[in-house]
Amino acid sequence: MHTAGFNPSLNDVIIYQTEDGEIKMDVKMEKETVWLTQAQMSELFQKDRTVIGRHINNIYKEGELYRDTTCAKFAHMGSEGDQKYETLLYNLDVIISVGYRVKSKRGTQFRIWANKILKDYLIKGYAINQKIQLEHYQELKDIVRILGNTLKNQEQLTSEQSKGLLAVVTDYVYALDTLDKYDYQQLTIEETTKGDRFHATYENAMEAIRSLKGKFGESELFAHEKDQSFKSSISTIYQTFDGVELYPSIEEKAAMLLYLVTKNHSFSDGNKRIAAMLFLWFMEKNGLLYHTNGEKRIADNTLVALTLMIAESRTNEKDIMVKIVVNLINQNN
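Going by full-length UniProt numbering, the letters in the sequence shown line up with residues 1 to 333, in that order.
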């Protein structure tokens, strides 16, 4: 719970009915939300203050909202100016939740208004979102393909920088198609390599990490284990259920290794660098890092982007992040 530095007013929220019978609600925003006391909500919804208080307590008790982020203390002086008082304020999230619970004519008006706004938002938002998705993805893919063809047709395409740009452009088209599948919930794991040519262990993984430290002269904290979670990460990629591997392909194991080492923060320093290095190490040991022509299956800048995406992703996005990685290193690449 925090302290508010402004003066709330019932004028911040007004519910009214237009001449044609439509319910309207006006709000005045203060610090990106609206704040009212229990007494003001009582007046707004035309319901006894004790009823408002009971609804608020139930909202917090049921876990619908959290008190710390929706309630604030407002310090003010008494009418005589000789005594300081603190009043509890509740933000717009609480006001809306109370509005859906109170049984009064004003509460009914509020719900009519809120339901209409929600319906309009869902319908219009869905239509706009669908249009943007189609236009955005197609436009990006078309532009990238045109750029790729232009570079390919240049007679003087000899510098490493130009070749690198062309590779990025080509990879980007496939990445967009992959993200397109993800957006429509069609992303699957396919065209992967079954069987292990190399088995990673805690010991050989740590040996690889130590070689990285020696090569680049990292700090003393680099690769210093904070707990046992790195051992767990290595064993997890070989986890089974009823004798069946949860991650049966080399690509899935590599993707999980990249994800777990990035997210688990097993080391005091260098977690993302270690994760990317182990990913390349595991792919190379299993004979999948390079194509037959000697080119890497995944560009270095793509791996950097994937590692950063994983680091910023939410925990409940693990499966989709793993699928994205697999789709960018499978046999289609």
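Where a beta carbon is used, it is the ideal one built from N, C-alpha and C, also for glycine. From a predicted model like this one, the values you see are computed outputs, not experimental measurements.
With 16 as the cutoff for other CB atoms within 10 Å, does residue i come out buried or exposed?
i: SER249; result: buried
i: GLN228; result: exposed
i: GLU155; result: Residue confidence for GLU155 is low, a pLDDT of 49 falling below 50, so the modelled location carries little weight; the figure read from the coordinates is stated next. The residue is exposed, with fewer than 16 neighbouring Cβ atoms inside 10 Å.
i: THR193; result: buried
i: SER211; result: exposed
i: TYR90; result: buried
i: GLU295; result: exposed
i: PHE241; result: exposed
i: LYS61; result: exposed
i: GLU160; result: Because the pLDDT of GLU160 is 48, which lies under 50, any placement of that residue in the model is unreliable, and the number read from its coordinates should be weighed accordingly. So GLU160 counts as exposed.
i: GLY195; result: exposed
i: ARG101; result: buried
i: LEU221; result: exposed
i: ALA75; result: exposed
i: VAL244; result: exposed
i: THR69; result: exposed
i: GLU190; result: exposed
i: GLU251; result: buried
i: ASN327; result: buried
i: ASN286; result: buried
Roughly how far, in whole angstroms, is the beta-carbon of residue i from the beta-carbon of residue j, given that I think they are within contact range, below 8 Å?
i: GLN46; j: ARG106; result: 4 Å
i: LYS231; j: TYR202; result: 5 Å
i: ALA223; j: GLY270; result: 6 Å
i: ARG297; j: LEU308; result: That belief does not hold up - the Cβ atoms of ARG297 and LEU308 are roughly 19 Å apart, past 8 Å.
i: LEU246; j: PHE279; result: About 18 Å; that fails the 8 Å criterion.
i: ALA72; j: TRP113; result: Wrong, their Cβ atoms sit about 25 Å apart, outside the cutoff.
i: MET277; j: ALA254; result: Actually they are not in contact, since the Cβ atoms of MET277 and ALA254 sit about 12 Å apart, beyond 8 Å.
i: MET321; j: ILE310; result: 5 Å
State the DSSP-derived secondary structure class of residue i, mapped to helix, strand or coil.
i: SER266; result: coil
i: SER249; result: strand
i: THR69; result: helix
i: ILE320; result: helix
i: VAL102; result: coil
i: LEU289; result: coil
i: LYS272; result: helix
i: THR87; result: strand
i: LYS61; result: helix
i: GLU225; result: strand
i: PHE198; result: coil
i: THR193; result: coil
i: ASN244; result: A small correction: the amino acid at residue 244 is Val; Asn does not occupy that position in the sequence shown. Strand, per DSSP.
i: LYS47; result: coil
i: ALA75; result: strand
Residue i: which of the options sits nearest, CA to CA?
i: ASN97; options: HIS55, LEU88 and LEU89; result: Just to set this straight, residue 97 is Ser in the shown sequence, not Asn. It is HIS55 whose Cα lies nearest to the Cα of SER97.
i: TRP281; options: ARG314, MET206, THR292 and VAL244; result: MET206
i: VAL261; options: VAL325, ARG273 and ASP196; result: ARG273
i: ALA39; options: ILE95, LEU221, ASN58 and VAL322; result: ILE95
i: THR87; options: LYS116, SER104 and THR37; result: THR37
i: SER313; options: LYS116, HIS199 and ASN264; result: ASN264
i: LEU92; options: LEU44, LYS103, VAL326 and GLU317; result: LEU44
i: GLU225; options: SER266, ALA275, LYS84 and ASP300; result: SER266
Closer than 8 Å is the cut-off here; do at least three beta carbon pairs connect the segment 226-243 with the segment 296-312? no
Assess contact between the segment 65-72 and the segment 37-52, defined as three or more Cβ pairs (one per stretch) separated by less than 8 Å. Is contact present? no
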